[in-house]
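Sequential numbering from 1 applies to the sequence shown in the UniProt record's numbering.
Cβ coordinates follow ideal geometry from the N, Cα and C atoms, glycine included.
If you're wondering where the values come from, they're calculated on a predicted model, not measured in any experiment.
Note sheet for the following structure.
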Amino acid sequence: MESPASREQLDTDPESIFGNAVVSNDREEDEIPAFSTFSATKSGKKEKKGKKNKSTIISCINSSLQNNGPSESWPAVFDSILAAPILVGHTKPSYSDYLTSRMVAVVVSSGKTYHIHSSLLCRESERFYKSLNSEHTEATQLKIDLIDETAHQFRHFIDFLYELDWKPKTTSSIRLAELYALGERLVAPRFQDIILQVFREGSDIRAINLSQLCQLSGFACSNITERFHPRDDPMRDVIFWLVSTRIAELQKTEEFRQVLIEHAELGTQLILRAGNGTQAMPA
């Protein structure tokens, strides 16, 4: 049976319960940094700050215990830890750290709701990071509406968040272009990079039929933002290059003529690539 002395120690000594794992959510440096900018501080400073944080936290908890008594204070301590957005120290968080963050309800166009860890969303998407680190109702209610996104497409993004070494299961060039555009809307560059890599690897010029090329070119003009330079537009650049390699065949189809009428920009893009001697797919 546990001695009275040991029980008293558990009630009054936070280190006996939390050890070195007590992390504060009240200090500015413990907040989630901007997405994809997690960087470790210099080792000397890190050790010094770590000791300071720990002593500050222990002091605050001890003060609370002295003022209110263990039975009244510990529930508040536990509640504050459970409410923390993520356990973030002064070193790069591990993947398991992200899974301790709050859950966010993301509602897509069909009304389907997905509950996703907030830190994963903030790490990979600037759109979510800004929404969850603002004074808007999305941040206070931990609910974000994506009324323009379908459940089928957004499910790919969820898989990307939770699966290590994720790659899209679809090989359709049209579906991949749609996922790339989703990544653009979510401002998720790493997601886009993976999609682009798979698209490039699967883009056999002769394997894509003329109808698909027409769909791709129209989609690129309508749904992927034009940048100042082609190198800043990798997906559009690859799509327009694919179309230019089959231009003689496409000119004979009514579908291609219709796409040119609907998207005047396409003609400009193809003229810029005509006869430039580029035989290889853009890097």
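Grouping DSSP H, G and I as helix and E and B as strand, with all else coil, what is VAL238? helix
To the nearest angstrom, how far is the alpha carbon of GLY183 from that of GLU254? 32 Å
Would you be able to state if there are at least three C-beta pairs under 8 Å between the segment 155-164 and the segment 216-235? no
Near ILE195, what residues of its chain come up, given a Cβ to Cβ distance below 7 Å and the 5 sequence neighbours on each side ignored? PRO168, LEU176, LEU179, TYR180 and GLY183
Which full runs of the alpha helix (DSSP H) of 4+ residues lie inside the segment 137-169, going along the chain? 137-141 and 151-162
Please classify GLU201 as buried or exposed, where buried requires at least 16 neighbouring CB atoms within 10 angstroms. exposed
Got a sec, what are the start and stop residues for the beta strand (DSSP E) ILE116 sits in? 113-117
Go to VAL107, then tell me how far its beta strand (DSSP E) extends in each direction, as first and last residue. 103-108
Among the residues of its own chain, which have a CB less than 6 Å from the CB of VAL243, if the five just before and after it don't count? LEU213 and SER217
Looking only at its own chain, which residues have a Cβ that is under 7 Å from the Cβ of LEU99, when we skip the five neighbours before and after it? HIS117
For TYR114 and ASP145, what's the separation of their Cα atoms in angstroms? 10 Å
How about VAL187 and SER125: do their beta carbons lie closer than 9 Å? yes
Which same chain residues, not among the five before or five after VAL238, have their C-beta less than 8 Å away from its C-beta? LEU196, PHE199, ARG200, SER203, MET281 and PRO282
Pick helix, strand or coil for ASP193, following the three-state DSSP scheme. helix
With respect to the alpha helix (DSSP H) encompassing LYS130, which residues constitute its N-terminal and C-terminal limits? 126-132
With 16 other Cβ atoms within 10 Å as the buried cut-off, status of SER119: buried
Of the choices HIS136, VAL106 and THR170, whose alpha-carbon is the least far from that of GLU149? VAL106
Collapsed DSSP secondary structure at ASN209 in the structure displayed: coil
Buried or exposed by the 16-neighbour rule on C-beta atoms within 10 Å, applied to ILE208: buried
What does a CB cutoff of less than 7 Å around LEU266 pick up in its chain, not counting 5 residues either side in sequence? SER217, CYS221, VAL259 and LEU260
Can you name the start and end residues of the alpha helix (DSSP H) that SER96 belongs to? 95-98
If distances are taken between C-alpha atoms only, which option among TRP166, ASP165 and GLY111 comes closest to HIS152? GLY111
Enumerate in chain order the residues of its own chain whose CB-to-CB distance from LEU142 is below 8 Å, with the five nearest sequence positions on each side excluded. ARG102, MET103, VAL104, ALA105, SER118 and LEU132
As assigned by DSSP and simplified to three states, the class of GLN251: coil
Which residue comes first and which comes last in the alpha helix (DSSP H) that contains ILE174? 173-186
In this structure, does DSSP put PHE219 in helix, strand or coil? helix
Alpha helix (DSSP H) containing GLU226: first to last residue? Here GLU226 belongs to no alpha helix (DSSP H), and DSSP marks it neither H nor E.
Where do the N-terminal and C-terminal ends of the alpha helix (DSSP H) with ARG273 fall, by residue? 264-273
When you compare only the Cα positions, how much space is there between HIS263 and SER96? 47 Å
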